[in-house]
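Each residue of the sequence shown is one higher than the one before, counting from 165 in my numbering.
Note that CB positions come from ideal geometry on N, CA and C, so glycine has one too.
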Amino acid sequence: MHKTRFTVVLFVAIWLVLGACVPEPALGPKPMPPLEPRLPRVGEMVDIGKGAFITVESFEKRGSLGYITVLVDNSRGSEDIRVDFQMSFLVEDKEGNTAVINMDAERDYPVPQGAVPTGDKLRGTLVYQLAPLGEGLTLYYSHDISQGYIKIALE
Numbered sequence: 165m166h167k168t169r170f171t172v173v174l175f176v177a178i179w180l181v182l183g184a185c186v187p188e189p190a191l192g193p194k195p196m197p198p199l200e201p202r203l204p205r206v207g208e209m210v211d212i213g214k215g216a217f218i219t220v221e222s223f224e225k226r227g228s229l230g231y232i233t234v235l236v237d238n239s240r241g242s243e244d245i246r247v248d249f250q251m252s253f254l255v256e257d258k259e260g261n262t263a264v265i266n267m268d269a270e271r272d273y274p275v276p277q278g279a280v281p282t283g284d285k286l287r288g289t290l291v292y293q294l295a296p297l298g299e300g301l302t303l304y305y306s307h308d309i310s311q312g313y314i315k316i317a318l319e
C-alpha cells in the first residue's frame, strides 16, 4: 500500500511540475490575418511594365453579356506590345469560373487586337458571356503570359 501511495504522490507531483512549465495562452486580441492586396479597379491606370499601362475604362453588364472597354497605353513605353483579345485577357468570378468571349458581339465592337508600337495607344471592347458566373468579377491581362497576369477588379 505504501508503494502505491508513493507512486500516486510521485505521479501527481510530476504532473503538477510539468503543468507549471506549460505556458498559458496569451490573453488579449488575436493577431489579424494578413489583408489581401487591393486590386486596381475600373478607371485606374495600371503599370504593365516598360513604361506601358492598361486602364479598364468601363465595365457594363447588359443582360447576360459584359462589355469591358480597355485602353493599352504605350505612349511612354520602351518597346512594342502585342495584344491579342483572345489570349491577353481572361475574366473570372471569385470562385474561379471563367467567362467565355462572345465572338458574335466582338464583330460589332473594335477589339483590342494587334501591335501597340512605342508612342501609341490601343483601345477596344471585350464582350464576355457572363451568365454562368457569380460575383466578384476580375479581368486578368497579360501581354506576355510567361510573366503572369495583372488583375483588375471589375466589381
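Residue closest to residue i, alpha-carbon to alpha-carbon, out of the options
i    : options                   : result
G227 : Y292, D268, P201 and L199 : Y292
V234 : Y273, M267 and L297       : Y273
I316 : P198, E221 and N266       : E221
E319 : P198, F223 and L297       : F223
Y247 : K225, P296, L229 and G278 : According to the sequence shown, residue 247 is Val rather than Tyr. With distances taken between Cα atoms, V247 lies closest to G278.
E259 : E299, G230, D268 and Y231 : E299
Residue i (DSSP reduced to helix, strand or coil)
i    : result
D268 : helix
Q293 : strand
Contacting residues, own chain, Cβ-Cβ under 6 Å from residue i (five flanking each side not counted)
i    : result
T262 : E256
R287 : L235
Y215 : What sits at residue 215 in the sequence shown is Gly, not Tyr. If we look at G215 and ignore the five residues flanking it on each side, its Cβ neighbours are R240, G241 and S242.
G283 : S239
A205 : The sequence as given places Arg at residue 205; Ala does not occur at that position. Answer for R205: A317, listed in chain order.
Contact set for residue i: own chain, Cβ-Cβ below 7 Å, skip 5 residues either direction
i    : result
S252 : Y305, S306 and H307
D211 : F217
Own chain partners of residue i with C-beta closer than 8 Å, once the 5 adjacent residues on each side are dropped
i    : result
K285 : L235, V236, D237, N238 and S239
Q250 : I265
P281 : N238 and D244
Whole-angstrom C-beta distance between residue j and residue i, which should lie under 8 Å
i    : j    : result
I314 : I218 : 7 Å
G207 : L294 : About 20 Å; that fails the 8 Å criterion.
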